[in-house]
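What follows is a set of notes on a single structure, which appears directly below.
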Amino acid sequence: THVVTEACIRCKYTDCVDVCPVDCFREGPNFLVIDPDECIDCAVCIPECPVNAILPEEDVPADQLAFIKINADLTPKWPSITKRKAPLPDAEQWKDVKDKLQFLQR
Ligand code: F3S
């Protein structure tokens, strides 16, 4: 599967959802996740993300490993998103900020 990591938090650009052929993105208040049971590892979403938040599971760096479980855990709680929408209003201010896990709204 592919995994949405920390860079998405408080940005949520949503360019990724427009290209997903299996509609596997789920939307929370300030983050998206990928349904690990639906993702077919096509990788087309990776270059769409302006903050490079999406990675194949095997390439998730050590400091982002918690996001594998976060994507799986939040998938059943959040609704599907299949069409791009405006990013969060202050996305530009947050796009280069590190340690955003504390801001994740579940
Ligand atoms: Fe998030 Fe990047 Fe998609 S910021 S919503 S993973 S385009």
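According to my numbering, the sequence shown is numbered sequentially starting from 8.
Ideal placement from N, C-alpha and C gives every residue a C-beta, glycine not left out.
Please read all numbers here as calculations on a predicted model, not as lab measurements.
Using DSSP's beta-bridge definition, name the partner residues of residue i.
i	result
Pro-63	His-9
So residue i and residue j are supposed to be a Cβ contact under 8 Å. How far apart are they, rounded?
i	j	result
Arg-91	Val-24	6 Å
Pro-43	Ala-79	5 Å
Phe-118	Arg-17	For residue 118 there is no data in the structure shown, the boundaries of the chain being 8 and 113.
- Item | Whole alpha helix (DSSP H) elements within the region 13-47, 4-residue minimum | 22-26
- Task: Decide yes or no for the touch test of the region 94-105 against the region 42-56: beta carbon pairs closer than 8 Å, at least 3 of them.
- Result: no
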